[in-house]
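At the far end of the sequence shown sits residue 212, using the working numbering, and the numbering has no gaps.
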Amino acid sequence: MTLKYLTSIPSTPIQLIIPLLQSDQLADQLKEIATESGQDAKLLQSDFNANAGSIHCIYPAEHKGSRWLLLGLGDHPSEAVVTNAFRGLSFRHSKILSGQIGISDRYLDADKISIDALATTSVNGLLLGTH
């Protein structure tokens, strides 16, 4: 498992983890993700609610060979909640989390979780889930 901090979505195949919060912006964020990935926005909005630890996998049409994993962090993401969400993702989906893994911070509210906390808790969770 290789982890990289990315500021944009690369053209090479990647497993991209997109953490999302339960918030008033979730419907708009899912619509944007649906547009970027070639998915149906209404289906995505009905299938994913961002409960802590919830996971939804999509295969973006424009990024052949890539997999985007939407990861719910709930509405009040403490560091323990974020670590456990990433740990559960890593444990349940260890076979598909190989090669390059990207973690997007695009949709996170810096008032609820800082980039530093996301980096620390996501890496810890991903590594803990492998044991």
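Every residue gets a Cβ at the ideal spot worked out from N, C-alpha and C, and that includes glycine.
- Secondary structure of residue 182 (DSSP, three-state): strand.
- Around the C-beta of residue 106, fewer than 16 other C-beta atoms lie within 10 Å, and the residue is accordingly described as exposed.
- Secondary structure of residue 150 (DSSP, three-state): strand.
- In the DSSP assignment, residue 137 is bridged to 151.
- Listed in chain order, the non-local C-beta contacts of residue 202 below 7 angstroms within the same chain comprise 160, 163, 164 and 167, local neighbours out to five positions each way being set aside.
- In this structure, the alpha-carbon of residue 100 lies about 6 angstroms from that of residue 153.
- Looking at the DSSP output, residue 98 sits in a beta bridge with 150 and 184.
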